[in-house]
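Asker:
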Amino acid sequence: MTARIEALQGDITSQAVDAIVNAANTTLLGGGGVDGAIHRAAGPELLEECRTIGGCPTGEARITKGYRLPATYVIHTVGPVWGGGHRREPELLRNCYVNSLALAATHGVRSVAFPSISTGAYRYPIHQAAKLAVEAVRECLRQPTTVELVRFVCFSAGDLEVYRRILGQA
Ligand code: APR
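What follows is the structure in structure tokens.
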């Protein structure tokens with residue numbers, strides 16, 4: 001079965017998938033951007049569960065329930081802050097996608113939605129980030145996995161255009 005990769009514009013908190021990925025920070029205690037949106041939509045139990053995890057290093061991923069979200073799970077991953085590209089940013093960003101999909105597969109997840117990790121407050125250039133994200137996801141989906149659908153949920157039309165071109169769907 002060949003897994004499907006798609007991109008759309010929308011709000012990740014409303015995606016009816018098994019797991020949505022959160023672009024978190026190392027404390028896992030919430031923040032702005034997509035992190036804030038996910039915590040608002042999931043409700044206070046999400047923060048309560050996050051407190052029990054005790055943080056997450058950059059490039060790694062942790063899984064929690066989705067609570068009031070349509071998604072069953074939230075996979076929290078911490079992207080690198082862009083510092084020019086010579087401080088392991090590409091490797092760490094790639095690790096976010098690889099580790100999130102690995103965690104999804106251990107929980108039998110079949111559909112996963114990603115935001116554009118690190119391209120907001122963490123200022124990772126969108127083109128480089130999107131290219132790296134698509135390549136990492138394609139490589140993961142070539143391995144045995146329960147994941148059948150990966151959806152890139154772009155908040156802006158501009159970001160969607162970038163992902164669609166890279167996916168060859170523009
Ligand atoms: N749905 C989908 N994408 C969203 C949403 C949403 N509801 N809200 C924001 N985004 C998009 C942003 O437009 C951007 O393209 O998610 C992408 C990632 O931006 P940020 O949320 O700023 O995440 P990041 O750049 O990884 O910075 C993480 O910001 O919110 C804090 O706690 C977070 O410290 C961490 C940092």
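Residue numbers (the working numbering): 1 to 170.
For each residue, glycine too, the CB sits at the ideal point set by N, CA and C.
The model shown is predicted, which means the values in this text are computed figures rather than measured ones.
1. Since P70 and S111 are thought to touch, with beta carbons under 8 angstroms apart, how far apart are those beta carbons, to the nearest angstrom?
2. Looking only at C-alpha atoms, which of L149, V153, P57, L167 sits nearest to A104?
3. Straight-line CA distance for Y67 to A121?
4. Comparing alpha-carbon positions, which option in E45, R142, E91, H76 lies nearest W82?
5. Identify which residue in R151, A102, Y124, E161 has its Cα closest to the Cα of R4.
6. Output the boundary residues of the beta strand (DSSP E) element that contains N95.
7. Mapping DSSP to helix, strand and coil, what is S111?
Answerer: Put simply:
1. At roughly 11 angstroms, the Cβ-Cβ gap does not stay under 8 angstroms, so P70 and S111 are not in contact.
2. L149
3. 26 angstroms
4. E91
5. R151
6. Element bounds for N95: not the beta strand (DSSP E) but the alpha helix (DSSP H), 89-106.
7. strand
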